[in-house]
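Student: After the structure tokens below, expect a handful of questions from me.
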Amino acid sequence: MFRKVAASAAFLSTLFVPAMVFAQDGAEAVEAVEAAAPGLDPMFVVNNLWILLAAVLVFIMHLGFSCLEAGLTRSKNTVNILYKNLAIVAIGLLMYGLCGFNLMYPGDAWMADGIFGFAGFGLDPGVDGQTAAYADGAYTYYSDFIFQAMFAATCCTIVSGAVAGRVKLGSFLIFCVFFVGLIYPIIGSWHWGGGWLAERGFHDFAGSTLVHAVGGWGALAGAMVLGPRIGKYVDGKVRPIVGHSMPLAAIGVFLLWFGWYGFNGGSVLSADPDTVSFVFVTTTLAAAAGVLAASVVSIIVSRTPDLSMALNGALAGLVGITAGADVISPLEAVIVGVVAGALVVGAVLFFDRVKIDDPVGALSVHLVCGIWGTLAVGIFGTDKSLGAQFIGVLASAALAFPAAFLFFTLLKKTLGIRVEADDEYKGLDIAEHGQEAYGGFQVFSTQ
Amino acid sequence: MFRKVAASAAFLSTLFVPAMVFAQDGAEAVEAVEAAAPGLDPMFVVNNLWILLAAVLVFIMHLGFSCLEAGLTRSKNTVNILYKNLAIVAIGLLMYGLCGFNLMYPGDAWMADGIFGFAGFGLDPGVDGQTAAYADGAYTYYSDFIFQAMFAATCCTIVSGAVAGRVKLGSFLIFCVFFVGLIYPIIGSWHWGGGWLAERGFHDFAGSTLVHAVGGWGALAGAMVLGPRIGKYVDGKVRPIVGHSMPLAAIGVFLLWFGWYGFNGGSVLSADPDTVSFVFVTTTLAAAAGVLAASVVSIIVSRTPDLSMALNGALAGLVGITAGADVISPLEAVIVGVVAGALVVGAVLFFDRVKIDDPVGALSVHLVCGIWGTLAVGIFGTDKSLGAQFIGVLASAALAFPAAFLFFTLLKKTLGIRVEADDEYKGLDIAEHGQEAYGGFQVFSTQ
Amino acid sequence: MFRKVAASAAFLSTLFVPAMVFAQDGAEAVEAVEAAAPGLDPMFVVNNLWILLAAVLVFIMHLGFSCLEAGLTRSKNTVNILYKNLAIVAIGLLMYGLCGFNLMYPGDAWMADGIFGFAGFGLDPGVDGQTAAYADGAYTYYSDFIFQAMFAATCCTIVSGAVAGRVKLGSFLIFCVFFVGLIYPIIGSWHWGGGWLAERGFHDFAGSTLVHAVGGWGALAGAMVLGPRIGKYVDGKVRPIVGHSMPLAAIGVFLLWFGWYGFNGGSVLSADPDTVSFVFVTTTLAAAAGVLAASVVSIIVSRTPDLSMALNGALAGLVGITAGADVISPLEAVIVGVVAGALVVGAVLFFDRVKIDDPVGALSVHLVCGIWGTLAVGIFGTDKSLGAQFIGVLASAALAFPAAFLFFTLLKKTLGIRVEADDEYKGLDIAEHGQEAYGGFQVFSTQ
Amino acid sequence: MKLIIAYIQPERLPMVKLELAKAEVSRMSVTNALGAGAQAGFTETYRGAEHEVNLLKKVRLEVAVNEHFEQRTIDAIIAGARTGAIGDGKIFVLDLPRCIRIRTGEEGSAAVG
Amino acid sequence: MKLIIAYIQPERLPMVKLELAKAEVSRMSVTNALGAGAQAGFTETYRGAEHEVNLLKKVRLEVAVNEHFEQRTIDAIIAGARTGAIGDGKIFVLDLPRCIRIRTGEEGSAAVG
Amino acid sequence: MKLIIAYIQPERLPMVKLELAKAEVSRMSVTNALGAGAQAGFTETYRGAEHEVNLLKKVRLEVAVNEHFEQRTIDAIIAGARTGAIGDGKIFVLDLPRCIRIRTGEEGSAAVG
Ligand SMILES: Nc1ncnc2c1ncn2[C@@H]1O[C@H](COP(=O)(O)OP(=O)(O)O)[C@@H](O)[C@H]1O
Ligand SMILES: Nc1ncnc2c1ncn2[C@@H]1O[C@H](COP(=O)(O)OP(=O)(O)O)[C@@H](O)[C@H]1O
Ligand SMILES: Nc1ncnc2c1ncn2[C@@H]1O[C@H](COP(=O)(O)OP(=O)(O)O)[C@@H](O)[C@H]1O
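Residue numbers (our numbering), protein chains in the order written: chain A, 8 to 454; chain B, 8 to 454; chain C, 8 to 454; chain D, 2 to 114; chain E, 2 to 114; chain F, 2 to 114.
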């Protein structure tokens, strides 16, 4: 009971912050809406529409993540995972509105040049924000915000997968406030916000590094500080902890792939037929190649085709192509996907060997393939420098990992971040929520 | 057996009506399609495309409703719920084509001025319907129809959730024919069809009242006439009847949220970058705020974070912002969402206290938050009158609730609307369909 | 063990082919992307955007197929079905890029005039491919490819449903390489590629014949060569083998319906408001009518409303309208849907009577209603010839069925296509993958 | 000692637990089962084909008790489970020569309670 | 009276029910179970890690019969369940001193049938 | 022969199997069960309403053994299942007069092993 109350208190505290400020966007905003309309440039309208649709597609990726993570873990933790992912989306969106957007795109408000900037709390389209003037006729201020906001929560969802089945809900959500509200946008500002990485010629089209690897570093930190789930590594051997629903996992991956057309396609930041269609093709081929490569490698490794590996393979290909979807040719995209698909299987085995327990393969997919994708730009992209790509990878790692590691350690020392063994046996659904995911079903769990 | 045949007969009768008429739209329509094409205004094309895409997004909300309702009820009623929701969509779409659209948008064909009009059975785009002339370059006649038709079935789906687990299939579908074919479009005509509410300055952007509260009144009538499920209220105490699949429920809510971008965004009725992006932001923030508020309140109430409440919170925020998504600022949208999220938890407790059994929280989400959202427009919207909002809420209640109540009572007296206790124990899947939802699974049901 | 290794080897071999070539699309492609951009025609941009979005919608149909097929079969084959469908998508996309696209749209590269042509391996947009010049301002080369590629895998997925529960994974995937890489595009070239069927006035708007019936013929061949599942027909009687998850099946059908707006709507090949909105309406009404007709007929036949039939009814209506969605009026669309919905139920009974075991109704939906839809164009379409439609139906049957039958027979004689009885009892999940779909759940399977 | 096995209708479980509690029997084990008895089954239809289901859902109770608790346990189960309709279920009583509590290693009567 | 417990292969249940019906035994209770016996298990692989599964799916039958039905019940089960392959299962027969029909309170032989 | 029934905590099953294997008992049947005993349950909340759950997940083991294996089987189960905490479970031992192997028709001691 005490545990519950403490966790709840911790959790509650994460909610006050975003609800508090949000100030600037008051009356002016509404008025701004009332204006506009006539004499619109159709190109502006269609570009903007695409960004909005891309945002909707990215939104559904959160359902994809939820399903994948729930499917690949045990049924006794399902309520917890769904709750966590829903809360992450809500927290991510509100925190991004509160401060993330203005940290990531500080405009002229750099405090440390190209390294840290902040344009203030809340949303403010200003005078021209909702007109074609805001972004050269590509999209409005609010379209910009909503598209970026949908991205933001992603990086925490990645962490969520790696810490599933043992993390305390309240502590984890506090971490999310910190990670999505501060770390993610700061790193993002270095490149997408026009900071120092942008100036060095680093190229990360839709975020192999800025989103996926950053989330992956957080995931690594979390998995390391937490330690493996009970029963995963016994007497030096890996004991598989089988996921409870492969259909859920498959739904998750297909939805992620589906949403990725918004993730990558929307990152063109216009509806330019040439580039968007090109990005669609590279994205698709890399994903398909990732599936086949992961299948082949998993057949070689375990003599049977492992569905969870094939699913991870699709995501591996997608993460891999994300950095260079606009500059890597279709043929090369296949290569990027093949390498990513092979890497992901190897990485799953590797992390198990070093006893870092990652229930859904978040590290293998997002961290490993995120890095691979970023470097692939240096290898295949015309006029791209492998050096710059390296710097980008290292720089983001240098902030994301230690920050996450320290924060997790801090939480561990204070509120605690891991549920007690007994609760882990019972499952987080009963321990943290007093609910079961599958009322009436006989689930036989001896782990 | 007799019951089954009677129910089937009742059900069959619901199907003849829509299949019969549909007359006007014959050869001319096809010819109209053949024309057009060259010299199109790109703005018309992009506006129209957005309406169509919004219709597709609204369509998937029906899957959302199906999943949510199935997930939050027991597994023994799952086939029934899925069937009901599929049939509602089919009936809703056909009835709306048969008469609903022409009742809701009578054009000049008002019979009682601003109160009741009917432009005849079937679809008829007329000469200009498929050109830019139809709606000032915003969309074609068929786009208009399909977008509105997707909305229509929604109000019956809301009712479906509240009567789940005990209603007779045939009787319920007959109710749907009546509700979606008559009541919903008549109320809709008062505002969106340009009737008397429109003239009074009532503002309901995408239907907090016209869709959600109207559905909610039907749901209230249904739940009252039917009475609670056996075992819900025992010796004056509430005994929870736990839903059978939280993943299904979560999939449902995410899909609803996803589709809501079409529901609200499409209600702009053009792709205007300013308004659509604004609506996306208010919609998103209200949903996120709803999640957190419902979480906090449910933690306070039951000491643990209740996933089903958090899920309802998202919907509460969405329903709440629906009336004013275009006139409420982002900051205010957060407030609307917070209030809605808190309201929904309170309402669930309230309805349980007064022993109105609403398995999925349809009343709390759609009725209570629909009213709240409509009033919120009066509170926050510039130049909006709280009085007019009140009138709109009352007027729609004054038709929707008594009509639904009478019709349900009529059905009760004639065909019967509630399955027998024995069938309720067995579950509607076996009782009404002779099928099971989860072939082979051991489901342990002692309720 | 040997079986597994053999199957794996067979499977591996399917992967080398697509990975090998892909050559032409190298550096030029990337450069082509770099160019373009300024002075774009907004109509080009919006048309192209619609094709891309349609491709995304068609993509999610693969999840729909996966869910439907998994839901309507037993839980012990779920991993296998999901894996198969994921692999089909990957193989389909890569094979279509490797050769399918250039077989289906040979341009001037006809070898046997109007019958067989091939424009070479790999993708090559050429100089103008990514500009408005490629398709009269409708879409780019890569948009064209991606939209068509998403279609391609569909025909194998149809086959997949009919052979579920007993086919060997490796052999089936080899069949897919053949079917999607050769047979499907050749037949497609006859009509969509501008071949001999196109010249004869055959009309198949979005593929009732070219996609659905072709897939259906493959499915028929597969089901015949394989024989029924053990226990389906015992002592001359049909013993139902109940699907394991109706929610999965319902999710599948709703997603298919959702994606069909891209399938049919995108087949307009432009965002023309008139035609696209018209197609949306006919598509929607046919689906709705299909649901109700299948419900009514299934009530008459089995005295209870069968959910799986109602679900098939929606698909029946959709498949039925696909050939003529652009030339059949809304009223006629309802008729097409009603007939399709009735046909599908009759066809399910028929195929069971002749002991062709089709677990998910793929033959009834795609083959029977595909043919019906194609002929319906001749019946209802203005200026369409029933004769030409017949020729199209027969011609595609004349290639698809024998080719598939021979190839399946060949596989049967060599690698084998059916798992052993013992493995069928255990389920393909354990037999072919060594995995279970629902870890921890107690599933009671006595079939 | 006796091992009492009872098959009851699933929806009677809460009542049976209540009656057992009144009789001061609080330990028991429950499994779900399918039962064929005098109760008629139902017809399942799936895709046009019918089949008779005559294995109906039941709950299986297992209660180990000391001799002098035997009758009151049986009475309590009957009190909770009886509706008078076919399908109410059966009670089987077996001799239980040995009973051990795992935690303490206690045996016999002390271990049962 | 006797309580007959049988573990059989799941897919033999329809046959066993048929044979029992022929032997005029129509009452029984069924649960699903996992069994370890002489039958070899299989290797499950998941994300590169393997583990041996040696608890295989079985069906557990419980049939209470009068003494003179004991042998024919056993014979019927064997007739329905035997394939000759390892894993066919086992039959255990227990003494059943008491049996009560909940609906009527009947005891003994009358209650069993 | 004896039929040993044991209720244990689900997560102890792997240990119990290990100990049984050490004791050369490799045949057994397992079902999942819910148990009420001395162990406290937990409160489930759902949509604001609470209810007490006191049927907790347990695993039920059934092992048929020859007399001279009785004690070592019991000892093995205890060795694997005991944690010292409430809820560890119970072992019930029944007399097993008859045991038949379906595959061969063998009876008695030969069939048990
Ligand atoms: N002889 C038996 N052996 C095993 N289980 C039995 C036997 N008789 C009845 N049962 C169990 O008891 C349940 C109820 O039996 P049934 O004959 O339907 O009830 P009633 O005796 O009230 O008519 C059955 O479904 C079955 O699970
Ligand atoms: N001694 C035993 N105690 C409990 N259950 C047993 C015992 N022996 C066999 N079983 C059950 O019977 C099933 C079949 O046993 P197995 O030895 O595989 O078959 P067979 O005797 O035909 O070789 C096992 O899976 C198990 O469920
Ligand atoms: N008298 C009994 N009859 C049937 N099952 C029992 C009985 N006593 C205990 N059990 C089973 O054993 C499990 C553990 O019992 P419990 O009393 O909680 O453990 P302990 O004896 O270690 O305190 C229970 O959950 C129940 O399944």
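Where a beta carbon is used, it is the ideal one built from N, C-alpha and C, also for glycine. All values reported here derive from a predicted model rather than from experimental measurement.
Please list the partners that F/Val-94 has in chain D, where partner means a Cβ-to-Cβ separation under 7 Å.
Tutor: The contacting residues are Pro-98 and Arg-99.
Student: Taking the straight line between their C-alpha atoms, what separation do you get for A/Val-174 and B/Ala-349?
Tutor: Whole-angstrom Cα-Cα distance: 27 Å.
Student: Excluding the 5 residues flanking F/Ala-65 on each side, which residues of the same chain have their C-beta closer than 8 Å to its C-beta?
Tutor: The answer, listed in chain order, is Met-2, Lys-3, Leu-4, Ile-5, Arg-28, Leu-97, Cys-100 and Val-113.
Student: Does E/Asn-67 come out as helix, strand or coil in the three-state DSSP assignment?
Tutor: Here E/Asn-67 sits in coil by DSSP.
Student: What would DSSP say about A/Val-361, mapped onto helix, strand or coil?
Tutor: Coil at A/Val-361, not helix or strand.
Student: Roughly how many angstroms lie between the CA atoms of C/Thr-161 and C/Ile-363, to the nearest whole one?
Tutor: C-alpha separation (whole angstroms): 22 Å.
Student: Would you identify the three-state DSSP class for B/Met-253, choosing helix, strand or coil?
Tutor: Note: B/Met-253 maps to helix in three-state DSSP.
Student: Taking 7 Å as the line, does the beta carbon of D/Glu-12 fall inside it for any heavy atom of ligand 1?
Tutor: For ligand 1, not one heavy atom lies less than 7 Å from the Cβ of D/Glu-12.
Student: Out of B/Gly-272, B/Trp-264, B/Arg-310 and B/Ala-278, which has the shortest C-alpha to C-alpha gap to B/Ala-295?
Tutor: Answer by Cα proximity: B/Trp-264.
Student: Got a sec: does ligand 1 put a non-hydrogen atom nearer than 7 Å to the Cβ of D/Asp-89?
Tutor: Within the cutoff, so yes.
Student: Shorter than 7 Å, the distance from the beta carbon of B/Val-346 to the closest heavy atom of ligand 3, or not?
Tutor: Checking the Cβ of B/Val-346 against ligand 3 gives no.
Student: Rounded to whole angstroms, what's the CA-CA distance from C/Pro-49 to C/Phe-397? Just pull it up for me.
Tutor: If you take the alpha carbons of C/Pro-49 and C/Phe-397, they lie about 40 Å apart.
Student: Against E/Ala-112, what residues of chain D qualify as contacts under a CB-to-CB distance less than 7 Å, listed in chain order?
Tutor: Near E/Ala-112 (Cβ distances below 7 Å), the residues of chain D are Lys-91.
Student: State the DSSP-derived secondary structure class of C/Gly-33, mapped to helix, strand or coil.
Tutor: Low confidence applies here, because C/Gly-33 scores a pLDDT of 41, under 50, leaving its location unreliable and the question unanswered by this model.
Student: Distance, Cα to Cα, A/Gly-297 vs A/Ile-95?
Tutor: The straight-line gap from Cα to Cα measures roughly 28 Å.
Student: Quick one: residues in its chain with C-beta nearer than 7 Å to the C-beta of F/Glu-68, no 5 flanking neighbours on either side, listed in chain order?
Tutor: Only Met-2 and Lys-3 meet the Cβ criterion.
Student: Do A/Val-245 and A/Ala-301 have their CB atoms nearer than 8 Å?
Tutor: Against a cut-off of 8 Å, the Cβ pair of A/Ala-301 and A/Val-245 comes out as no contact.
Student: Looking at chain F, which residues of the stretch 76-89 of chain E have a Cβ within less than 9 Å of any of its Cβ atoms?
Tutor: Those residues of the stretch 76-89 of chain E that come within reach of chain F (Cβ to Cβ, closer than 9 Å) are Ile-78, Ile-79, Ala-82, Arg-83, Thr-84, Gly-85, Ala-86, Ile-87, Gly-88 and Asp-89.
Student: Which residues mark the beginning and the end of the alpha helix (DSSP H) in which A/Asn-319 is found?
Tutor: A/Asn-319 -> alpha helix (DSSP H) spans 314-329.
Student: Would you check whether ligand 5 has a heavy atom nearer than 7 Å to the C-beta of D/Ile-103?
Tutor: The model depicted lacks ligand 5 and carries ligand 1, ligand 2 and ligand 3 instead.
Student: Please state if the CB of B/Gly-377 and the CB of B/Val-343 are separated by a distance shorter than 8 Å.
Tutor: No, the Cβ-Cβ distance between B/Val-343 and B/Gly-377 is not below 8 Å.
Student: Cα separation between F/Ile-9 and B/Ala-404?
Tutor: One C-alpha to the other measures close to 57 Å.
Student: Please compile the residues from chain D whose C-beta is within a distance smaller than 9 Å of the C-beta of F/Arg-61.
Tutor: Simply Ser-30, Thr-32 and Glu-63.
Student: Is the beta carbon of D/Leu-57 within less than 7 Å of some heavy atom of ligand 1?
Tutor: Within the cutoff, so yes.
Student: Less than 8 Å between the CB atoms is what I'm expecting for A/Val-221 and A/Tyr-191, so what's the real figure, rounded?
Tutor: Yes, they are in contact, since the Cβ atoms of A/Val-221 and A/Tyr-191 sit about 6 Å apart, within 8 Å.
Student: What would DSSP say about C/Ile-190, mapped onto helix, strand or coil?
Tutor: Looking at C/Ile-190 - three-state DSSP - the assignment turns out to be helix.
Student: Could you compute how far the alpha carbon of B/Glu-443 sits from the alpha carbon of B/Val-86?
Tutor: In a straight line, the C-alpha of B/Glu-443 is about 7 Å away from that of B/Val-86.
Student: Give me the Cα-Cα distance between B/Ala-369 and B/Cys-163, rounded to the nearest whole angstrom.
Tutor: Whole-angstrom Cα-Cα distance: 11 Å.
Student: With 8 Å set as the bound, which would you pick, yes or no: does the beta-carbon of A/Phe-158 sit closer than that to a beta-carbon of chain B?
Tutor: Chain B contact via Cβ: absent.
Student: Going by CA-CA distance only, name the one from C/Gly-172, C/Ile-386, C/Ala-330 and C/Ser-392 that's closest to C/Leu-374.
Tutor: Checked all of C/Gly-172, C/Ile-386, C/Ala-330 and C/Ser-392; the closest Cα to C/Leu-374 is C/Ala-330.
Student: For E/Gly-106, which option in D/Ala-86, D/Ile-79, D/Val-17 and D/Gly-109 has the closest C-alpha, if you only look at C-alpha atoms?
Tutor: When each option's Cα is compared against that of E/Gly-106, the closest is D/Ile-79.
Student: Please say whether B/Ala-145 and B/Asn-84 have beta carbons closer to each other than 8 Å?
Tutor: No; because the gap between Cβ atoms is not below 8 Å, this pair is not in contact.
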